[in-house]
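Line by line, the protein sequences give chains D and U. At position 271 of the first sequence the residue is numbered 271 (full-length UniProt numbering), and the sequence of numbers has no breaks. At position 363 of the second sequence the residue is numbered 363 (full-length UniProt numbering), and the sequence of numbers has no breaks.
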Amino acid sequence: MSRLAVPAGSARAADAAPPPADPGFGVYVHWPFCAAKCPYCDFNSHVRHAPVDQARFAAALAAEARAMAERAPGKRVTSIFLGGGTPSLMAPETVGAVLDAVAAAWTVDADAEISMEANPSSVEAERFRGYRAAGVNRVSLGVQALDDRELRFLGRLHDVDQALAAIRLARETFPRLSFDLIYGRPGQTPEAWAAELERAIGLASDHLSLYQLTIEPDTMFEKLYRAGKLAMPDEETGAALYAVTQAVCEAHGMPAYEVSNHAVPGGECRHNLVYWRYGEYAGVGPGAHGRLVSGGRRHALATAREPERWLARVESWGDGVDADDILSEEEAGDEMLLMGLRLVEGIDLRRYRAIAGRGLDPGRLADLVAHGMVETIGPDRVRATRAGAFVLDAVVADLAA
Amino acid sequence: MTTAPQKNIRNFSIVAHIDHGKSTLADRLIQATGGLSDREMKDQVLDSMDIERERGITIKAQTVRLAYTAKDGETYTLNLMDTPGHVDFAYEVSRSLAACEGSLLVVDASQGVEAQTLANVYQAIDNNHEIVPILNKIDLPAAEPDRIKQQIEEVIGIDASNAVPISAKTGLNIDLVLEAIVERLPPPNGDPDAPLKAMLVDSWYDTYLGVVVLVRIIDGHLRKGDRIRMMGSGAAYDVERVGWFTPKMVSSEALGPGEIGFFTGSIKEVADTRVGDTITDDRRPTDAALPGFRPAQPVVFCGLFPVDAAEFEDLRAAMGKLRLNDASFSFEMETSAALGFGFRCGFLGLLHLEIIQERLEREFNLDLIATAPSVVYRIRLTSGDEIELHNPADMPDVVKIDTISEPWIRATILTPDEYLGAILKLCQDRRGIQADLSYVGNRAMVIYDLPLNEVVFDFYDRLKSVSKGYASFDYQLTDYREGDLVKMQILVNAEPVDALSMLVHKTQAERRGRAMCEKLKDLIPQHLFVIPIQAAIGGKIIARETVRALRKDVTAKCYGGDVTRKRKLLEKQKEGKKRMRQFGKVEIPQEAFIAALKMDE
Ligand SMILES: Nc1nc2c(ncn2[C@@H]2O[C@H](COP(=O)(O)OP(=O)(O)OP(=O)(O)O)[C@@H](O)[C@H]2O)c(=O)[nH]1
Ligand SMILES: C[S@@+](CC[C@H](N)C(=O)[O-])C[C@H]1O[C@@H](n2cnc3c(N)ncnc32)[C@H](O)[C@@H]1O
Ligand code: SF4
Ligand SMILES: [Mg+2]
Chain D
1 MSRLAVPAGS
11 ARAADAAPPP
21 ADPGFGVYVH
31 WPFCAAKCPY
41 CDFNSHVRHA
51 PVDQARFAAA
61 LAAEARAMAE
71 RAPGKRVTSI
81 FLGGGTPSLM
91 APETVGAVLD
101 AVAAAWTVDA
111 DAEISMEANP
121 SSVEAERFRG
131 YRAAGVNRVS
141 LGVQALDDRE
151 LRFLGRLHDV
161 DQALAAIRLA
171 RETFPRLSFD
181 LIYGRPGQTP
191 EAWAAELERA
201 IGLASDHLSL
211 YQLTIEPDTM
221 FEKLYRAGKL
231 AMPDEETGAA
241 LYAVTQAVCE
251 AHGMPAYEVS
261 NHAVPGGECR
271 HNLVYWRYGE
281 YAGVGPGAHG
291 RLVSGGRRHA
301 LATAREPERW
311 LARVESWGDG
321 VDADDILSEE
331 EAGDEMLLMG
341 LRLVEGIDLR
351 RYRAIAGRGL
361 DPGRLADLVA
371 HGMVETIGPD
381 RVRATRAGAF
391 VLDAVVADLA
401 A
Chain U
1 MTTAPQKNIR
11 NFSIVAHIDH
21 GKSTLADRLI
31 QATGGLSDRE
41 MKDQVLDSMD
51 IERERGITIK
61 AQTVRLAYTA
71 KDGETYTLNL
81 MDTPGHVDFA
91 YEVSRSLAAC
101 EGSLLVVDAS
111 QGVEAQTLAN
121 VYQAIDNNHE
131 IVPILNKIDL
141 PAAEPDRIKQ
151 QIEEVIGIDA
161 SNAVPISAKT
171 GLNIDLVLEA
181 IVERLPPPNG
191 DPDAPLKAML
201 VDSWYDTYLG
211 VVVLVRIIDG
221 HLRKGDRIRM
231 MGSGAAYDVE
241 RVGWFTPKMV
251 SSEALGPGEI
261 GFFTGSIKEV
271 ADTRVGDTIT
281 DDRRPTDAAL
291 PGFRPAQPVV
301 FCGLFPVDAA
311 EFEDLRAAMG
321 KLRLNDASFS
331 FEMETSAALG
341 FGFRCGFLGL
351 LHLEIIQERL
361 EREFNLDLIA
371 TAPSVVYRIR
381 LTSGDEIELH
391 NPADMPDVVK
401 IDTISEPWIR
411 ATILTPDEYL
421 GAILKLCQDR
431 RGIQADLSYV
441 GNRAMVIYDL
451 PLNEVVFDFY
461 DRLKSVSKGY
471 ASFDYQLTDY
481 REGDLVKMQI
491 LVNAEPVDAL
501 SMLVHKTQAE
511 RRGRAMCEKL
521 KDLIPQHLFV
531 IPIQAAIGGK
541 IIARETVRAL
551 RKDVTAKCYG
561 GDVTRKRKLL
571 EKQKEGKKRM
581 RQFGKVEIPQ
591 EAFIAALKMD
601 E
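Right under this line is the structure:
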């Protein structure tokens, strides 16, 4: 485990190297199936009781990648991300076919980051080696908790032992590894979470995603919550949990580089950085989103969410695109703020002006600076302060208004 | 030219306390004379506005012409005017009474005489009306027609020996009512040969016909094609259409003396048709105008502002049209730092305020904010000048003020005995001074002098709740009295919010201030900073609350590349912010504002 010590006293890291001018080009591929639906999850994930015809889906994913490349031809792909759902339910051949299709549709950089999400319950050494052979060089494991009772509460199909085994195997197989934890669970104290997090950092490689549990609409947890059966932490506890997260991670050299994402310097997820830096990316697969610039305008693309409907569309029309909206300057500006202010590096004001067609309101900016919510870095960058990160949604709403 | 012979005309109003069955009786009369077929009939058919039907009350007086063949074999023209019972619409009653020679006084035979029964019957007597008492709802088991008959004689002092017992609901004895109208009410006696003299009773705006004017012909004739003049406003028009309502609109050639009907002309100026004005022949004018109606005195004021500033002109036009239909409501332009351009409006009461606001919103598709209701204060300045204050925000500097007076009312409350204690306490809490207490059968009648300011907030509601709805209430403006009144300001984040400032009696200030701060605390959304909310008199803080700062508000979860979803949420937030008003650095949503202004205790 490599770990760099961060100088004490630096509240927000990542001041040093300015981000690259070009955010890169990412390709996201969505695998929409899971072995079971988690009670908190509102992602586009579906449980199928009959085996999924993987060859057919692989062919459709490949076809849609080609269709996307027609909309955004000639790109150099800097990252690919296989997300879900549960992509680790894909056969290595399926993964191989999809990655080959992406490579055929565009040019993939030799050192491109190729990530894949995996659930600890569906991990086997054989398959991991297959993914690696297909080109995957980074895995993100859905560990979620390091406590068997909590894992059951979260409806997960794995226990802590399986999670540890998956981490070990992933570290042996892939150059880079991240895993996800969900905190802010009912009854979880900041102290208990700090201990769990310390243990997680001990197991971590270069990256951790730490998500505070959110009650999402139309989930089982929402029903329980409405029925008063989930004692979610209040605002104050939520703030304390978030503060503890920052403190523990910083103390161990894994500062946040985004609201919920932590890495050792250089270990950041390059693919997700494309989103946050509001670069261009293609979305392939059911319910995948893309942002592509063509004819000087930024297009927001989304494909059909329902897997079989998506499949039928791709098979008859070549893609499953459900929405292709040209974003107005205001919309694009809003999106850039929403994404960019999540990053510790903040946003480039010149780029914002180019995309939004206007600058940030100086009065509102000054107010937010005066309240200690936002700070400027040199003449051309702004970012949320540590305090601002706690209430980022309100800060963004203020700046976007 | 055939207009009805005057001896066969009967013009009458139906008056009563609220809900005693006026509109239902009108239904039966229309039905019995064949004005509408059974298929066309519905309950309270004259209550044609949506608001009237929803609330089950009459707001606008309505006139219908019925043809009735009596036992004597003659056919009579009956002009029936159904009036509202609620005190806030008393102005409608007075207009109707002025157009008639007689009244049907409807009294619910189980409830008996109530506050508005008294108020309306005295008005009818003032208008020299012949009165036919009607005991309604005798189908109810609780009806006590004999006792109520006696009560009418004792309390009102009119002969009730031949009061007609009916059920407007079942139609029982409606024939007797029709005969009583013909036999006991007098016919009009205008001069058919004199120059036209007609009273402008009502007018309204019709999308197809433009301005429609309801008139009572006193002398002479009003014919299609005539050129007429409104003597008060001076405007002249050619009469295009003449007729009446059965309640369906029927066109005719002319209206003769004693008749009630409508006319239209190409009337563009809403302001030209003033209720109470005298209409005459432009070429052969009458020499004496009618006395007109006493203008309604607005007693409650509030500001009405469009939610969307762009709708200001629409609001102005809508108010003009509505005012045509309701002369008792007044408005003048006002600007507010918080709310932009709008109008300060005067009303006859809180229900009137509510109804006007709702009609503006519904009939004209506007979105409005109403500020806290207030009364008109009179301020004597140290310079000796006296000014009227319609809006607490305009209050002059305290050092320039000598005295402040506020309007007082004399309230008459009738209540079953068991609620008397609670009602006396309520009046006492509102700075009331008891003037009289007597008994009418087993009901107590209390007379109280009260500052109107204490009544405009929630007095009716409280009265209703402490008396389980049994007490009835009526009031009259009496005089202005000097009071220990102070201006209370509300400061949000140290900035005064003018639309929330109010004049209060010193003894009530702290209670009101505390209530307002507590309410605002829950209504103002959390900001990125702590927001103090204070109530202050002069420089002195009398109540204080704080809105805590936001602690945690950030979407933790990753949505991958699905920015659309986050953007949609942001757009909603931005939309919400557009509906917010900025007070210094604090944004207060309009809804919060309205809720705060609706404050009771
Ligand atoms: N049982 C019974 N109910 C009646 C009778 N007449 C009227 N009602 C009911 O009393 C209620 C009020 O009747 P309305 O005719 O609307 O009374 P109103 O006097 O016109 O009321 P406002 O116009 O609001 O002053 C309705 O629910 C009627 O159905 C009656 O003879 N018997
Ligand atoms: C795209 S999801 C799914 C990854 C993978 N299928 C799994 O569950 O292991 C990525 C992460 O979002 C987080 N997540 C999902 N729903 C959440 C919720 N309601 N609140 C907080 N985090 C959530 C989980 O940590 C999850 O691993
Ligand atoms: S495994 Fe992941 S994607 Fe599937 S239901 Fe659970 S959280 Fe959602
Ligand atoms: Mg009625």
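Heads up, the beta-carbon is just placed ideally off N, CA and C, and yes, glycines get one too. As the structure is a prediction and not an experimental result, all values here were calculated from the model.
Check	Outcome
Does ligand 4 have a heavy atom nearer than 7 Å to the CB of Gln44/U?	yes
Using three-state DSSP, classify Ala8/D as helix, strand or coil.	Low local confidence applies: a pLDDT of 36 at Ala8/D is under 50, so the model's placement there is unreliable, and no value is given.
Of all the options Arg66/D, Arg127/D, Lys75/D, which has the alpha carbon lying nearest to the alpha carbon of Glu93/D?	Arg127/D
Going by DSSP in three states, Tyr470/U sits in which element: helix, strand or coil?	coil
Which class does Gln434/U belong to by DSSP, given the choice of helix, strand or coil?	strand
Which residues, taken in chain order from the segment 292-322 of chain D, show a beta carbon closer than 9 Å to some beta carbon of chain U?	Ala300, Ala302
Are the C-beta of Glu196/D and some C-beta of chain U separated by less than 8 Å?	no
Does any C-beta atom of chain U lie closer than 8 Å to the C-beta of Gln212/D?	yes
Should Ile326/D go down as buried or exposed, given a rule of 16 or more other Cβ atoms within 10 Å for buried?	exposed
Taking only the alpha-carbon atoms, compute the straight-line gap between Val382/D and Gly333/D and give it to the nearest angstrom.	14 Å
Is DSSP giving Met580/U helix, strand or coil here?	strand
Looking at C-beta atoms only, is the number of pairs between the segment 309-323 of chain U and the segment 373-388 of chain U that lie closer than 8 Å three or more?	no
Interface residues of chain U around Ala401/D at Cβ under 7 Å?	Lys574, Lys577
Alpha carbon to alpha carbon, what distance is there between Asp27/U and Gln44/U?	6 Å
Ignoring anything shorter than 3 residues, give me the beta strand (DSSP E) runs that lie fully in the segment 246-319 of chain D, in order along the chain.	256-258, 261-263, 280-284, 289-294, 297-303
Report the neighbours of Ser260/D on chain U: residues whose CB is nearer than 8 Å to its CB, in chain order.	Ala556, Lys557, Cys558
Rounding to the nearest angstrom, what Cα-Cα distance links Val64/U and Leu78/U in this structure?	8 Å
Please report whether the beta-carbon of Phe583/U lies at a distance below 8 Å from any beta-carbon of chain D.	no
By DSSP's criteria, Phe341/U is part of a beta bridge. Which residues make up the other side?	Thr335/U
Would the beta-carbon of Cys38/D be found less than 7 Å away from any heavy atom of ligand 2?	yes
Between which two residues does the beta strand (DSSP E) harbouring Ser178/D extend?	176-183
Given Leu197/D, which residues of its chain have a CB within under 8 Å of its CB, disregarding the five upstream and five downstream residues?	Leu181, Tyr183, Leu210, Val244, Thr245, Val248, Cys249
Would you call Pro257/U buried or exposed, if buried means 16 or more other Cβ atoms sit within 10 Å of its Cβ?	buried
Check this for me: beta carbons of Val95/D and Val27/D, under 8 Å apart or not?	no
Following a CB-centred definition, is His20/U positioned closer than 7 Å to any heavy atom of ligand 1?	yes
Taking the C-alpha atoms as reference points, what is the distance between Met395/U and Phe331/U?	19 Å
CB-CB under 8 Å to Ala596/U, same chain, minus the five flanking residues each way: which ones, in chain order?	Leu500, Met516, Lys519, Leu520, Leu523
Let me check understanding here. Comparing Cα to Cα, which of Val242/U, Glu253/U, Glu259/U lies closest to residue 639/U?	Because chain U is modelled from 1 through 601, residue 639/U falls outside the range shown and cannot be assessed.
Return the residue from the list Gln111/U, Gly102/U, Gly56/U that minimises the CA-CA distance to Arg10/U.	Gly102/U
Since Asn137/D contacts Phe174/D with CB under 8 Å, what's their CB separation in whole angstroms?	6 Å
Against chain D, does Thr546/U count as a neighbour if the rule is that its beta carbon must be under 8 Å from one of theirs?	no
State buried or exposed for Ala14/D, treating a residue as buried only when at least 16 other CB atoms are found within 10 Å of its CB.	Interpretation of Ala14/D is limited by its pLDDT of 48, a score under 50 that renders its predicted location unreliable; no figure is taken from the coordinates.
Taking 7 Å as the cut-off, does the CB of Asp139/U come closer than this to any heavy atom belonging to ligand 1?	yes
So, under 8 Å CB-CB, Val215/U and Gly261/U are touching, yes? Tell me the CB distance rounded to an integer number of Å.	7 Å
Quick check on the DSSP output: the beta strand (DSSP E) that includes Leu208/D runs from which residue to which?	207-212
Closest Cβ-Cβ distance between Asp461/U and chain D: below 8 Å?	no
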